[in-house]
Amino acid sequence: GENVEQHPSTLSVQEGDSAVIKCTYSDSASNYFPWYKQELGKRPQLIIDIRSNVGEKKDQRIAVTLNKTAKHFSLHITETQPEDSAVYFCAASSGGGNQFYFGTGTSLTVIP
Amino acid sequence: KAGVTQTPRYLIKTRGQQVTLSCSPISGHRSVSWYQQTPGQGLQFLFEYFSETQRNKGNFPGRFSGRQFSNSRSEMNVSTLELGDSALYLCASSPTGGNYGYTFGSGTRLTVV
Chain A
1 GENVEQHPST
11 LSVQEGDSAV
21 IKCTYSDSAS
31 NYFPWYKQEL
41 GKRPQLIIDI
51 RSNVGEKKDQ
61 RIAVTLNKTA
71 KHFSLHITET
81 QPEDSAVYFC
91 AASSGGGNQF
101 YFGTGTSLTV
111 IP
Chain B
1001 KAGVTQTPRY
1011 LIKTRGQQVT
1021 LSCSPISGHR
1031 SVSWYQQTPG
1041 QGLQFLFEYF
1051 SETQRNKGNF
1061 PGRFSGRQFS
1071 NSRSEMNVST
1081 LELGDSALYL
1091 CASSPTGGNY
1101 GYTFGSGTRL
1111 TVV
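Each protein sequence line maps, in turn, to chains A and B. First residue of the first sequence: 1, per our numbering; consecutive thereafter. First residue of the second sequence: 1001, per our numbering; consecutive thereafter.
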């Protein structure tokens, strides 16, 4: 089955700096890659996603890039703010059965 | 519109007991998936239901089971609880399954003592 690895597990940045979280996947059939943000005690929420026919997608301060050849995708957050502090999860899916394989999460702390 | 609703929010059970968790998806969503979230293992897929049929199942023992009703509401049951079953159980719904981002519920925090 699919195996998703996520790095780093913890990340601290100064407010205003950029943050990058990287994930790799193993199954070349995976074609959908969402990112979720989970604040303490709350539900995971979809923040951005990318499909395998696209190399990059941007939404205001967040962007995701995908390299299908290398089987890795990354989340980029620019101009970080304290409210960006949360745990971020990457995931991969091949679409069948609506099963997502999640990375183990990155705890991001933005220091004011 | 209302989000994904999970009940109860918190549960404390004793080893050996069984428990039933409930999930009401977003109106119109027919796919419901269940995940177990623990600090050490992250989010692990349990199973997915679509139109009352289990379409996919993760690598959990048979003590974990589920079902879906005709109104798309889903229940998850864990029998013969073990201490290691303590976790946050999340359900997520999507319109038809496939490559749609899930909408998660707030979860049920199960503690087994």
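The beta-carbon is built from N, C-alpha and C at its ideal position, and this holds for glycine as well. In this text, all values refer to a predicted model and were calculated from it rather than measured experimentally.
Where residue i meets chain B, residues with beta-carbon distance less than 8 Å
| i | result |
| --- | --- |
| F89 of chain A | G1042, L1043 |
| F73 of chain A | Those do not exist, as F73 of chain A stays about 14 Å from chain B at its closest Cβ, beyond 8 Å. |
Supposed close pair residue i, residue j - CB separation, criterion 8 Å
| i | j | result |
| --- | --- | --- |
| K42 of chain A | I48 of chain A | Not really, about 18 Å apart at Cβ, beyond 8 Å. |
| S9 of chain A | S107 of chain A | 7 Å |
| E15 of chain A | Q81 of chain A | 6 Å |
| T1108 of chain B | A1092 of chain B | Incorrect: roughly 13 Å between the Cβ atoms, too far for contact. |
Short CB-CB distance (under 8 Å) between residue i and chain A
| i | result |
| --- | --- |
| F1060 of chain B | no |
| S1106 of chain B | yes |
| E1052 of chain B | no |
| E1010 of chain B | Per the sequence presented here, residue 1010 of chain B reads as Tyr, with Glu not at that position. Not one chain A Cβ lies under 8 Å of Y1010 of chain B. |
| Y1089 of chain B | no |
Beta strand (DSSP E) segment containing residue i, residue limits
| i | result |
| --- | --- |
| G1066 of chain B | 1064–1068 |
| H1029 of chain B | Premise fails: H1029 of chain B is in no beta strand (DSSP E) and is neither H nor E. |
| V13 of chain A | 10–14 |
| N1059 of chain B | Neither: N1059 of chain B is in no beta strand (DSSP E) and is coded neither H nor E. |
| F33 of chain A | 32–38 |
| Q45 of chain A | 45–51 |
CA nearest to the CA of residue i, picked from the options
| i | options | result |
| --- | --- | --- |
| Q1041 of chain B | B:F1060, B:G1016, B:S1031, B:G1105 | B:F1060 |
| Q60 of chain A | A:P44, A:T78, A:A92 | A:T78 |
| G1 of chain A | A:F102, A:V64, A:Q45 | A:F102 |
| A1087 of chain B | B:F1069, B:T1111, B:F1064 | B:T1111 |
| G55 of chain A | A:Y32, A:Y36, A:L46, A:K37 | A:Y32 |
| F1050 of chain B | B:L1083, B:V1032, B:V1113, B:S1106 | B:V1032 |
Neighbour list for residue i in chain B, Cβ cutoff strictly below 7 Å
| i | result |
| --- | --- |
| Q99 of chain A | F1045, E1048, N1056 |
| G105 of chain A | G1042 |
Cutoff 8 Å: residue i Cβ touching any chain B Cβ
| i | result |
| --- | --- |
| R43 of chain A | yes |
| T24 of chain A | no |
| T10 of chain A | no |
| T65 of chain A | no |
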